[in-house]
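Residue numbers for the sequence shown follow our numbering, so the first one is 81 and each next one is one higher. For each residue, glycine too, the CB sits at the ideal point set by N, CA and C. Source: prediction; values computed, not measured. Structure first, commentary second.
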Amino acid sequence: MKIKIEIEENLTEDEIIIHCGSLNEDILAIQRYIAEAVHGRQQLMVMKGDKEYYLLLKEILFFETTENQVAVHSANQIYYTKLKLYELEEMLPAVFMRVSKSSIINTEKIRPIKKNITGASEVEFGECHKLAYVSRSYLKPLMSRLEEKRLKGTIKK
81 MKIKIEIEEN LTEDEIIIHC GSLNEDILAI QRYIAEAVHG RQQLMVMKGD
131 KEYYLLLKEI LFFETTENQV AVHSANQIYY TKLKLYELEE MLPAVFMRVS
181 KSSIINTEKI RPIKKNITGA SEVEFGECHK LAYVSRSYLK PLMSRLEEKR
231 LKGTIKK
């Protein structure tokens, strides 16, 4: 595998392009690694009242739709964003995962999950008392993602 860095002074935003013969596990792992490395410094513009804040993605526990807004939950605050859940889902790094029609959670912040086979399961976060809910149809993919992270040793304790 070759690694090449090209400097283009007229770029307004850094861009990483991976040229590959096929999309395999190694390429996907590189993509995830880069996304997660950048994730620690990425910010999202959020609102609280009439003030704008720039919240680090790693501080966000989960997103949920409330009425006609998307609430952004950190350990101590609730902010709002003008973005829709589907827009967030497309732009967020792999540590965020859709867990219901109305929620996206930060899988790095999950602590216990109280499973409920007949309804939504509860997700708790280690930093606070807040809860998010995982729909039945999303529980198995979430558990698979967490198991994958556990096996790779990337879940923070």
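Cβ-based burial, residue 113 [other Cβ within 10 Å; buried from 16]: exposed
Buried versus exposed, by CB contacts within 10 Å (16 or more), residue 220: exposed
Contact under 8 angstroms by Cβ, residue 155 with residue 168: For the pair residue 155 and residue 168, the CB atoms are not nearer than the 8 angstroms cut-off.
Pick from 173, 147, 130 and 216 that is closest to residue 117, judged by C-alpha positions: 173
Residue 103 (DSSP reduced to helix, strand or coil): coil
Under the three-state DSSP convention, the category residue 155 falls into: coil
Which of helix, strand or coil DSSP assigns to residue 173: DSSP places residue 173 outside both helix and strand once states are collapsed to three, so it counts as coil.
Per-residue burial, residue 236 [other beta carbons within 10 Å of its own, 16 or more giving buried]: The pLDDT assigned to residue 236 is 49, lower than 50, so where the model puts this residue is not dependable, and the model offers no usable value.
Spatial distance of residue 85 from residue 111 (CA atoms): 16 angstroms
Proximity below 8 angstroms, CB of residue 203 to CB of residue 190: yes
One or two residues paired with residue 134 in a DSSP bridge: 125
Residue range of the beta strand (DSSP E) that includes residue 194: 190-194
Those residues which DSSP pairs with residue 202 across a bridge: Beta-bridge analysis with DSSP links residue 202 to 194 and 213.
Residue 165 - DSSP class collapsed to helix/strand/coil: helix
Residue range of the unbroken beta strand (DSSP E) whose run includes residue 245: Examination of residue 245 is not possible in this model, given that the chain is present from 81 through 237 alone.
Rounded separation between residue 178 and residue 184 - CA only: 4 angstroms
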